[in-house]
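Just so you know, the sequences run in chain order H and C. Following numbering that gives the first Met the number 0, the numbering of the first sequence begins with 0 at its first residue and continues without gaps. Following numbering that gives the first Met the number 0, the numbering of the second sequence begins with 0 at its first residue and continues without gaps. Okay, so here's the structure we're looking at.
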Amino acid sequence: MVWRCRLLIAAAALAAGAAVGAAPQQATDDPQASPIWRKVQASLFEGRAVQPAPAGLLTLDVPSRATDAAMVPLAIRARLPPGSTRHVVKLYLLIDANPSPVAAIFQFGPRSGRTEVETRVRIDEYSFVRAIAETSDGQLYGVVRFVKASGGCSAPAATDASAAASALGRMQLRVDADADGDAAGAQPVVAQLAISHPNHSGLAMDQATRQFTPAHYVRKVEVTYQGEPVFAADVDFSISENPNFRFYFVPRGSGELRASVIDSHDRRFAAAQALPARAR
Amino acid sequence: MRPAPHRPLRRAVLCAAVLGFFGGCATAQPVRAASAVALAPGVYVVHGSPGVADENNLGRIGNAGFIVGSSGVVAIDTGTSYAHGEALLAAITRVTELPVRVALVSHTRPEFLFGGAAFRARGIPVRMHRRTAGLMASRCKTCLDVLRQTLGDEPMRGTTMYSADQVFDATHELDGVGRPVRVLHFGHSSGPGDIAVLDVTSGVLFAGGLLDARRIPDIQDSDLAGWKSALQALRALGPRTVVPGHGASSSPQVIDIVERYLAQLETRVRAMVAAGDSLLGAADAAELPDFDAWDQYDTIHRRNVSIAFVRFERDLLFK
Chain H
0 MVWRCRLLIA AAALAAGAAV GAAPQQATDD PQASPIWRKV QASLFEGRAV QPAPAGLLTL
60 DVPSRATDAA MVPLAIRARL PPGSTRHVVK LYLLIDANPS PVAAIFQFGP RSGRTEVETR
120 VRIDEYSFVR AIAETSDGQL YGVVRFVKAS GGCSAPAATD ASAAASALGR MQLRVDADAD
180 GDAAGAQPVV AQLAISHPNH SGLAMDQATR QFTPAHYVRK VEVTYQGEPV FAADVDFSIS
240 ENPNFRFYFV PRGSGELRAS VIDSHDRRFA AAQALPARAR
Chain C
0 MRPAPHRPLR RAVLCAAVLG FFGGCATAQP VRAASAVALA PGVYVVHGSP GVADENNLGR
60 IGNAGFIVGS SGVVAIDTGT SYAHGEALLA AITRVTELPV RVALVSHTRP EFLFGGAAFR
120 ARGIPVRMHR RTAGLMASRC KTCLDVLRQT LGDEPMRGTT MYSADQVFDA THELDGVGRP
180 VRVLHFGHSS GPGDIAVLDV TSGVLFAGGL LDARRIPDIQ DSDLAGWKSA LQALRALGPR
240 TVVPGHGASS SPQVIDIVER YLAQLETRVR AMVAAGDSLL GAADAAELPD FDAWDQYDTI
300 HRRNVSIAFV RFERDLLFK
């Protein structure tokens, strides 16, 4: 629970700073000098230094120009050299220009096999996007990318609120049956969790009614296989509508992949997918 | 932010591009006046510039038109700004002394509706589908802010948000111009309140958001199934000439071509979703070579892929 509290504190401390009309970030700005980044570093990492990630250790794959600011796909991949005695325990995702810059904190369990995650985020405007890996010995490594995104005229037509409400919390866990991997299931395979949820930020005003849609978003995701932790995410409304996560796990024998989700109204949702022993 | 040294070049390119539409670039200035081209007796189009809104084209990237009846004129779409609306009104005045009875807005995009303020200033009512008015009210303030940032304050002077003077719900015959003009709504198609306008006498069809010519159609506001059936309905009308929302006036074949784009987009993206592909590489993987020369292929097509991907994924989740 400690890390979750930390996210909330960081979000609260930063919300004001990000929301009050600072000039938009530019690609040529020094990412280290960003006032938001300095606050995050102070609150989330208690001032610990974040080293630039050595080549190959950490990548952040995100388009430099987002075609749809409400749905920007990105992937974070961390890999320590083979034989390393350390492992990556957490990945942080930060979006400087968003009202709540700490978008997600991902944790990987022993059954994960790969510290990789792919999801989709909202990016309010031109912003630095950062991925930070924390290793088991407490080191922090970061990468930063600049993303141009703008809501502009592309704000979509309102979705059917009643249909969205009836589907709230429906989830789909998907494991590719023919995924890469070996007969023994010792190699990690990719899984995808899709959640039907509006993920309202509480900050979007309907220009016609002048009303704000109340905040309602997924805040925690946990996935286990055979009861052992695979993947967990502590997230907020920077994650796009209908949150979607791709991650890896090591099947090794038959079992059940289970996902549980909690939203900001403390509603809980669950999904499970049984996996047979691998036939090949 | 904007690279000023490139302006003359961009202007020249624009001039060359506009040449095709207007048959000439007489002045050194980018096109400020709006020149109307007759498509049939009493039926005129004012073509917009290709590309995205910028300070050279003044955001005038959408087509507009008007139909002159025996007792009045109906304007179809109002332009991007107050000044653009004025220019369209001036183009009408050069052709006829008859009064403009009404201005129709075909769909909820800034280049078709923000000239409405100029029409309203002259007491001309602006008329649109109820759902177009609703969508405009819910999001277009942001579009206006963005346009002002892009084009500058001067070209957007006097341009304001407004509410439609007249709204309607269904297909109907337009009164007051002394000529049969049909306003067609097919339900939620390219947009929730998108309309087409048919001049019955000439068979000229103003297609608004339903059709673009050699420009990628935008699926953002669409219901794809509704759009497909609307296109069949348009074909059944047997129009002689089609004025698309963007691009040159065309033969009715443009209906088949837009249908083909939508079909290819859907087939390609549905296959990707069914295969469990990632959204991250979707736009790169969904190249459609048949359409890669079209205006906005690098922008609207890529966004279309993302939008379609997420929609089809949702279909899968909810089925």
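Cβ coordinates follow ideal geometry from the N, Cα and C atoms, glycine included.
C:ILE306 belongs to the set of residues whose beta carbon lies under 8 Å from a beta carbon in chain H.
If you check the CB distance, H:SER253 and H:SER99 do not come in under 8 Å.
Where C:ILE256 is concerned, the enclosing alpha helix (DSSP H) starts and stops at 252-273.
Note that the C-beta distance between H:LEU93 and H:ILE75 is not below 8 Å. The beta carbon of H:SER263 sits closer than 7 Å to the beta carbons of ALA214, HIS215, TYR216, ARG218 from its chain, once the five residues preceding and following it are set aside; these are given in chain order. For secondary structure counted as the beta strand (DSSP E) over 3 or more consecutive residues, the region 178-219 of chain H holds these complete runs in sequence order: 188-194. Counting along the chain, no alpha helix (DSSP H) covers C:ASP198; the unbroken beta strand (DSSP E) around it starts and ends at 194-198. Residue environment: H:ALA48 is assigned as exposed (fewer than 16 neighbouring CB atoms within 10 Å of its CB, all protein chains considered).
Taken in chain order, the members of the region 220-251 of chain H whose beta-carbon sits within less than 7 Å of a beta-carbon on chain C are ASN241, ARG245. Between the region 165-184 of chain C and the region 248-268 of chain C, the count of Cβ pairs shorter than 8 Å is below three; the stretches do not touch. In summary, H:ASP235 is buried, with 16 or more beta-carbon neighbours lying within 10 Å of its beta-carbon over all protein chains present.
For H:GLU117, the chain C residues whose C-beta falls within less than 9 Å of its own C-beta are SER277, LEU278, LEU279, listed in chain order. Excluding sequence positions up to five before and after C:PRO124, its CB lies within less than 6 Å of the CB of VAL101, ASP164, GLN165, all in the same chain and listed in chain order.
When H:ALA68, H:TYR125, H:PRO81, H:PRO72 are compared, the shortest CA-CA separation from H:ALA96 is found for H:TYR125.
Per DSSP, reduced to three states, the secondary structure at H:LEU172 is strand. Taking a cut-off of 8 Å for Cβ pairs, the region 61-75 of chain C and the region 141-152 of chain C do not touch, as fewer than three such pairs fall below it. In terms of beta-carbon proximity, H:ASP123 stays away from the interface with chain C, with every pair separated by 8 Å or more. Rounded to whole angstroms, the separation of the alpha carbons of C:ILE194 and H:SER195 is 32 Å. Comparing alpha-carbon positions, the option among H:ARG78, H:GLU133, H:PRO34 lying closest to H:ILE104 turns out to be H:GLU133. Going by DSSP, H:VAL146 is part of the beta strand (DSSP E) stretching over 139-146. Here H:ILE122 carries a coil assignment [DSSP, helix/strand/coil]. Its Cα nearest to that of H:ASN198, the residue H:ALA164 stands out among H:GLN186, H:ARG173, H:GLN210, H:ALA164. Rounded to whole angstroms, H:ALA190 and H:GLN106 show a C-alpha spacing of 15 Å. The CB of C:ARG313 comes closer than 7 Å to the CB of ASN241 in chain H, given here in chain order. According to the DSSP assignment, C:ARG93 belongs to the alpha helix (DSSP H) that extends over 81-94. Close CB contacts of C:LEU278 within its chain, under the 6 Å cut and outside five residues either way in sequence, are with PHE308 (chain order). For H:PRO30, the CB contacts under 6 Å within the same chain, skipping 5 residues up- and downstream, are PHE127, VAL143 in chain order. At a Cβ-Cβ threshold of 8 Å, H:TYR140 and H:ALA231 do not count as neighbours.
At a cut-off of 8 Å, the C-beta of H:THR212 has no neighbouring C-beta in chain C. Excluding five sequence positions before and after H:PRO23, the CB atoms of its chain that fall closer than 6 Å to its own CB belong to GLU124, TYR125, given in chain order. Contacts between C:VAL309 and chain H, judged by CB atoms closer than 7 Å, involve MET70 in chain order. Of all residues in the region 185-212 of chain H, the ones placed with a Cβ closer than 9 Å to any Cβ belonging to chain C are VAL189, GLN191, ALA193, ILE194, SER195, ASP205, GLN206, ALA207, THR208, in chain order.
C:TYR161 sits in coil when the DSSP states are folded into three classes, being neither helix nor strand. The shortest C-alpha to C-alpha distance from H:VAL87 to any of H:LEU73, H:THR212, H:SER135, H:GLN186 is the one to H:SER135.
The continuous stretches of beta strand (DSSP E) do not include C:VAL145, which lies in the alpha helix (DSSP H) extending over residues 129-150.
At a beta-carbon threshold of 7 Å, none of the residues of chain H lie near C:ALA195; the nearest stands roughly 19 Å away.
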